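Residue numbers (my numbering): 1279 to 1485.
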């Protein structure tokens, strides 16, 4: 049965402009969906700063635990997001799957493992077939584009009925800056963000 688009969906979907220092690529890796992208790789300039907030759940997923461990370093080289499997309640197998994916991205990009951040969203308690992701990572590299924000927003959707995107321009002194954001989350945003994912990127020089 087809899911109708939410009445809260905006009539107009913004075009998110390219940002210097971040390129994106998507593909289908077949974790759960067909005929749609379900894997996103965002690659950043190696000196890019990062900050983040995470669920307060005491049973956070393996990707969340990885991000919590390394976000304090403050630098990002890549973000890898899959939809269809949350890699939560997966124990040691889930931790191993995260490490396998991170190691693969790190080697391909030539960035330290501690600068690669994973995120997974979807079914809980089902082992993540990391081999499906790893097989597709090389395919993402030649697809990297500065203008793939809409594709990225679609790739991270699960039960969402429309992609969630926003962009704004502002001035810091006389310097014009751009802020792009994509998110996914439908009926399970509470408590404390639950299954929500959000990615906010700016070309502002934020220390």
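Each residue gets a CB set at the ideal place from its N, CA and C atoms; glycine is no exception. Computed from a predicted model, the values in this text were never measured in an experiment.
Nearest candidate by alpha-carbon position, reference residue i, set the options
i            : options                : result
residue 1418 : 1478, 1339, 1383       : 1383
residue 1327 : 1336, 1335, 1300       : 1300
residue 1456 : 1483, 1439, 1437, 1463 : 1483
residue 1367 : 1385, 1403, 1420       : 1403
residue 1311 : 1445, 1436, 1473       : 1436
residue 1411 : 1423, 1377, 1432       : 1377
Span separating the alpha-carbon of residue i from that of residue j
i            : j            : result
residue 1459 : residue 1414 : 25 Å
residue 1322 : residue 1282 : 35 Å
residue 1309 : residue 1399 : 11 Å
residue 1349 : residue 1332 : 10 Å
residue 1355 : residue 1396 : 11 Å
residue 1279 : residue 1426 : Residue placement at residue 1279 is poorly supported in this model, since its pLDDT is 42, which falls under 50; the coordinates are not used for a value here.
residue 1451 : residue 1480 : 16 Å
residue 1304 : residue 1453 : 31 Å
residue 1373 : residue 1463 : 24 Å
residue 1380 : residue 1475 : 18 Å
Three or more C-beta pairs closer than 8 Å, one from the segment 1312 to 1321 and one from the segment 1345 to 1363: is that the case here?
yes
Touching by the beta-carbon criterion (3+ pairs, under 8 Å), the segment 1438 to 1447 and the segment 1373 to 1392
no
In chain order, what are the residue ranges of uninterrupted alpha helix (DSSP H) at least 4 long that sit wholly in the segment 1286 to 1355?
1340 to 1348
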